[in-house]
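First comes the structure, then the notes that go with it.
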Amino acid sequence: MKKWTLKHTGKIKEDELAKNLGISLEISQILKNRGIETEDEAEIFINPSLKYLRDPFLMKDMKKSVDRIEKAIANNEKIWIYGDYDVDGVSSTSVLCLYFKDIGYPVSYYIPNRLEEGYGINEDAIRLIKDRGCDLIISVDCGITSTKEVDVANDLGIDVIITDHHECQDEIPNAFAVVNPKQEDCNYPFDMLCGCGIAFKLIQALTPAEEFETKMYNYLEIVTLATICDIVPLKDENRIIVKNGLKLMRKGKNMGLRELLNVCGVEGAKIGSAHIGFAVGPRINAAGRLGFSYLGVELFTTDSQKEAEEVANLLEDKNEERKAIEADMYRKAEEIMSLDKRYEVDKVLVIASEGWQHGVIGIVASKLTEKYYKPTVLLNIEDGEATGSARSIKGFSIFEALMRCSDLMTKFGGHEQAAGLTLPVENIDKLRDEINKFADYSLTEEDMVENVSVEYELDEKSVSLDLVEELHNLEPFGMSNPTPRFIMRNCELKDIIVMGKTRQHLKLRVEKKSEYNAVGVYEYECVGFNMAYLAENYEVGDRIDVLFQLDQNTYMGNTKIQFLIKDVRMYRPKNINNDKDSISLMNKIIPNDISELYCLIDEEGPGTDLVNGDVVLDIFEYLQPNTLVITNSVNGFNSAVSDISLIDGEFDVNYNIIDSSKDNANIQLIFAPNIDKIDLKRYNNIILYDYLFTLGEYNHIYKNKGEKSKIVNNYNETSLLYIQNIVDNIIPNRDDFLSVYKNVMINKEVKLDTVDIKKIFGVSPLKFFTASNVFKELKLLDYSCEKDSIFISMLPKPDSKMDLNSSLILKNLNELISKFKSSY
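For the sequence shown, our numbering begins at 184 and goes up steadily by one.
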């Protein structure tokens, strides 16, 4: 279960930004969620111009690099571009090859084989390049940690220019020039470019300014691809590059990229950042993962239509091969987990098997981390050694965790969210034990719940194709400008379909009744890619909440709204008599202390300053710190939790009474309260999510609240039915009492799961709890309820016959029912 947190709570209100810019209130609110408050900020954000690209010579060693490259060209020296095998490295290599091709100067390139050489510059490659003739190496997207390798190049008489964007270590390589804005002594004002972005800045520096204004379009599409796929923050120059690059992609200037988009089935006019990140990027990466990175460079630099088509189709084949390998690995990992129950409690998943592909193992680790929201270490066993990748969750440094187990590994490296490692096979179980000991200490239960940021609760009357088009104006989406996500609550599930070649995708049809129009019903199609596993949790007729991205789908010329599902949860339990949490709440309704009275004596009506509960409230205006929320029914409790949980912050759940010694800065939620035992003056707002049982309770709140406190009725006439149902079912009849007593008498003692109450005793949970508490009060049975388990046993038979009517619990409950009937 994920936690959903709204960036903006409540209704969206009229504002000047929307009015002056001619945009919808929904778009205006998204801009404000990103800290954009003024018209100028909004204009630059929506329409970032290439004229705002920064001066490349502000970057350390840029002038030195340009001078060395120009010297090499003048002296007809042999230049090699040394790249990397992922999208960023392939793209960086490609744009520099394109630049030298444009100026008519021949260069060579080298990309290491991922499966045989691994990441970065390596000595063998340097020597091979030297043998083939080399005077100057320009590294792209790598090199900043290659101190030893650069020394080897220097010894061989090769100058090295490093262009990189990765974090610097203590020692910077002794290269001829190092272009990396992350260097401490580099004053470039934006240090979040990807590797291809740095290569692009080098091209900008090598090209006269007036010429670059037209020449940059030869490279912009490929730089855009790399910027999106390398998941760098899409702000400043990155936003300028991608916003303009996506426009250029729609025209299809780069032949190879155009053919790859065709293979992906992406229409040029509709290309967005999501298409690049989830369709194009994986196909380039797939080739690298399987040892064929050069295919990407060939594709992006070719002038031949035939070659472009052939390479694009070959990349598609490699991607299909990668997906098959990945699916098999994923299935095997799930199978391993299903056979070992310990994985259910492990906070870190450590899974090992033979025959797994090195280049794909990181993807599968990421998918398992995403599904289970647990750090994952995936290992391939080969020749007595285990090698693999690790992925983590927010707030847990997998690198630090591996550091604690460093004695078990032969080598490892990485950062907070991802790492690679190698260890002897005999240490795998030890690693699993040790890393989980560290996780048990450093990860709380709250840390294990993914927190998903949501723009706001999208009003059904605001959903339109026009809004989808407006959302495109906020692209490119990515880090620092995430694709907007929304929620819609209390939808009725009308249909569930599992689809896809391997039945991995989910399709739902939901209906939402309008709160503004009694007869208004909206129907939406929802698609969840790789989310078929959710289908088993739901059935037609369920009331659900949906977290989604807003999109559109065109089929046979008909375009309609589509929700791209990111998460689904129940709006309310299917059947409270079969739901453990609901049954647990019912137990709180019955007093376990016979001195607790459930109704106040004062029968006067409530005060006149209640906020009317019959109108549509913006409840989030009142759900603020120092607020008391009162619930009496399972439905009211769930509704309150649903609302409060969307707020960024903590809230306290209480049953019957509140510990007044605790700080009440958080929202205090209470179920089935003893209202006369609450210090009501402490709260600014008192919100009722249910009817109270008597008018006396209303009057007590009114008389004892703070002078400036507001009382808010957040319920409607239907809510009265839930309280009525409690009143009608809270007192067992004689047969109900006999059923409970005889069942225990026969078995002497009973231990059962709460969901089995109805099956074993033949009575509803609410009546069972009343009967059990009454028998306990009369010392006929010993009874306790802990979490999901109930313990009940016979006590010695009393000397005299017990009269149920002597029970104070029954007396109080009968008085409650009488007062309820007189109140309503």
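The beta-carbon is built from N, C-alpha and C at its ideal position, and this holds for glycine as well. Here the structure is a predicted model, which means the values were calculated and not measured.
- Secondary structure within the segment 789-875: the beta strand (DSSP E) runs of 3 or more consecutive residues, fully enclosed, are 810-814, 834-838, 850-854 and 868-871 (chain order).
- Under the Cβ criterion (8 Å, minimum of three pairs), the segment 413-423 does not count as touching the segment 301-314.
- In this chain, the beta strand (DSSP E) harbouring Glu537 covers Leu532 to Glu537.
- Out of Leu717, Gln735 and Leu604, the CA that lies nearest to the CA of Met753 is found in Leu717.
- In this chain, the beta strand (DSSP E) harbouring Gln732 covers Arg726 to Tyr738.
- Here Ala358 carries a coil assignment [DSSP, helix/strand/coil].
- Taking 8 Å as the cut-off, the Cβ atoms of Tyr874 and Leu903 count as close.
- Sixteen is the threshold: since fewer than 16 other Cβ atoms of the shown chains lie within 10 Å of the Cβ of Thr593, the residue is exposed.
- Leu562 is bridged by DSSP to Ala535 and Gly571.
- Annotation: Asp801 to Val635 spans about 22 Å, alpha carbon to alpha carbon.
- In this structure, Thr953 keeps its C-beta atom at 8 Å or more from the C-beta atom of Pro981.
- In the three-state reduction of the DSSP assignment, Asp267 falls in the coil class.
- Our two residues, Tyr885 and Asp529, have alpha carbons roughly 50 Å apart in a direct line.
- Here DSSP, grouped into helix, strand and coil, assigns His688 to strand.
- Rounded to whole angstroms, the separation of the alpha carbons of Gly879 and Met928 is 41 Å.
- Contact between Ser248 and Val333 is absent: CB atoms are separated by about 14 Å, not below the 8 Å threshold.
- Burial is judged here by how many other beta carbons sit within 10 angstroms of a residue's own beta carbon; Asp986 has fewer than 16 and is exposed.
- The continuous alpha helix (DSSP H) containing Thr330 extends over residues Thr330 to Asp338.
- With fewer than 16 other Cβ atoms inside 10 Å of its own Cβ, Ser843 counts as exposed.
- For Tyr885, there is no enclosing beta strand (DSSP E); the residue is found in the alpha helix (DSSP H) stretching over Leu878 to Asn887.
- Residue state for Ser291 is assigned as strand, using DSSP reduced to three classes.
- Per the C-alpha coordinates, the member of Asp725, Thr407, Ser647 and Asn818 positioned closest to Ile679 is Asp725.
- Asp342: member of the beta strand (DSSP E) spanning Asp342 to Thr346, first to last residue.
- Residue burial annotation: Gln212 is buried, with at least 16 other C-beta atoms found within 10 angstroms of its C-beta.
- Under a 10 Å Cβ-count criterion, Ala855 is classified as buried, with 16 or more other Cβ atoms of the shown protein chains found around its own Cβ.
- The beta carbons of Met512 and Val560 sit no closer together than 8 Å.
- Taken in chain order, the unbroken stretches of beta strand (DSSP E) that lie wholly in the segment 737-770 and span 3 residues or more are 741-753.
- DSSP places Ser976 in the uninterrupted beta strand (DSSP E) bounded by Ser972 to Met977.
- Relative to the Cα of Val632, the nearest Cα in the group Ile355, Tyr555 and Ser645 belongs to Tyr555.
- Under DSSP, Val681 takes part in a beta bridge, and its partners are Leu689.
- Counted as a single uninterrupted DSSP element, the alpha helix (DSSP H) harbouring Gly380 occupies residues Gly378 to Leu389.
- A straight-line Cα-Cα distance of about 5 Å links Asn563 and Ser536.
- Under the Cβ criterion (8 Å, minimum of three pairs), the segment 887-898 does not count as touching the segment 936-949.
- Counting C-beta atoms within 10 angstroms of its own C-beta, Arg505 has 16 or more neighbours from the protein chains shown and is therefore classed as buried.
- A check of alpha carbon separations from Thr605 across Gly567, Phe579 and Leu532 identifies Gly567 as the nearest.
- Taken through DSSP and simplified to helix, strand or coil, Pro239 comes out as helix.
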